[in-house]
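Down below is the structure, laid out as structure tokens.
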Amino acid sequence: MSTVEAVFVLGFEKDAIGWMIEHLTKAIGMKSRLGFNRKFRGKFCVHLMEVGFNNHGRFIRISEFTTNRKSSFLVILVGEKGRGWENLKSALSSLLVVPFRM
Numbered sequence: 001m002s003t004v005e006a007v008f009v010l011g012f013e014k015d016a017i018g019w020m021i022e023h024l025t026k027a028i029g030m031k032s033r034l035g036f037n038r039k040f041r042g043k044f045c046v047h048l049m050e051v052g053f054n055n056h057g058r059f060i061r062i063s064e065f066t067t068n069r070k071s072s073f074l075v076i077l078v079g080e081k082g083r084g085w086e087n088l089k090s091a092l093s094s095l096l097v098v099p100f101r102m
């Protein structure tokens, strides 16, 4: 099975990023046969995070619903040794770090 790498640009409110990190942490620690879905309502849109599995393995689907445009979604596979979700968590965590300004 080959892995396709791509770059996506997604916009999240700061509160949504913290929410996503919290639920990614829960998903990473869950048993492989369990899943869940959680909703976050922000000021401008609603995000839905679903953790599931199929014949190809575990995945997270993050959907975004807004009133002014089509809904969109991103699917992240658990990856080799869970690195797919860990990499996403690290990337999101880096967004919450506020650089020191002089």
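According to the UniProt record's numbering, the sequence shown is numbered sequentially starting from 1. C-beta: ideal position from N, C-alpha, C; glycine also.
Inset, instruction - Tell me whether the beta-carbon of GLY57 lies closer than 8 Å to the beta-carbon of VAL78. - result: Residue mapping note: residue 57 aligns to position 57 of the sequence shown, counting from 1. Residue mapping note: residue 78 aligns to position 78 of the sequence shown, counting from 1. Contact: yes.
Legend entry - Beta-carbon proximity of LEU24 to LYS89, cut-off 8 Å: Residue numbering aside, residue 24 sits at position 24 when the sequence shown is read from its first letter. Residue numbering aside, residue 89 sits at position 89 when the sequence shown is read from its first letter. Here LEU24 is near LYS89, since their CB atoms are less than 8 Å apart.
Inset, instruction - Taking 8 Å as the cut-off, decide whether the C-beta atoms of TRP85 and ILE60 are in contact. - result: If you number the sequence shown from 1, residue 85 lands on position 85. If you number the sequence shown from 1, residue 60 lands on position 60. Yes, the pair counts as a contact, with Cβ atoms nearer than the cut-off.
Inset, instruction - Assign GLU27 to one of two classes, buried (16 or more other C-beta atoms within 10 Å of its C-beta) or exposed (fewer than that). - result: As a first step, residue 27 must be located in the sequence shown, where it is residue number 27. For clarity, residue 27 is Ala in the given sequence; the question names Glu instead. Buried: at least 16 other Cβ atoms inside 10 Å.
Inset, instruction - Just tell me which of PHE12, LYS31 and SER63 has its CA closest to the CA of LYS43. - result: The count along the sequence shown starts at 1 and reaches residue 43 at position 43. Of the candidates PHE12, LYS31 and SER63, the one whose C-alpha sits nearest the C-alpha of LYS43 is PHE12.
Inset, instruction - Return the first residue and the last residue of the alpha helix (DSSP H) that ASN37 is part of. - result: Along the sequence shown, one-based indexing puts residue 37 at 37. Where ASN37 is concerned, there is no enclosing alpha helix (DSSP H), although the beta strand (DSSP E) it sits in stretches over 36-41.
Inset, instruction - With DSSP collapsed to three states, give me the class of ASN54. - result: As a working mapping, residue 54 is identified with position 54 in the sequence shown. It is a strand residue.
Legend entry - Cβ-Cβ distance between PHE40 and ALA16 below 8 Å: Translated into the one-based positions of the sequence shown, residue 40 becomes position 40. Translated into the one-based positions of the sequence shown, residue 16 becomes position 16. Result yes, Cβ atoms of PHE40 and ALA16 sit closer than 8 Å.
Inset, instruction - Can you give me the Cβ contacts of PHE73 inside the same chain, cut-off strictly under 6 Å, excluding the 5 residues immediately before and after it? - result: Counting from one through the sequence shown, the residue named residue 73 turns up at place 73. For PHE73, where only same-chain residues beyond five positions count, the Cβ hits under 6 Å are ARG61 and SER63.
Legend entry - Counted within 10 angstroms of its Cβ, other Cβ atoms place MET49 as buried (16 or more) or exposed: Within the sequence shown, numbered from 1, the residue matching residue 49 stands at position 49. By the 10 Å Cβ count, MET49 comes out buried.
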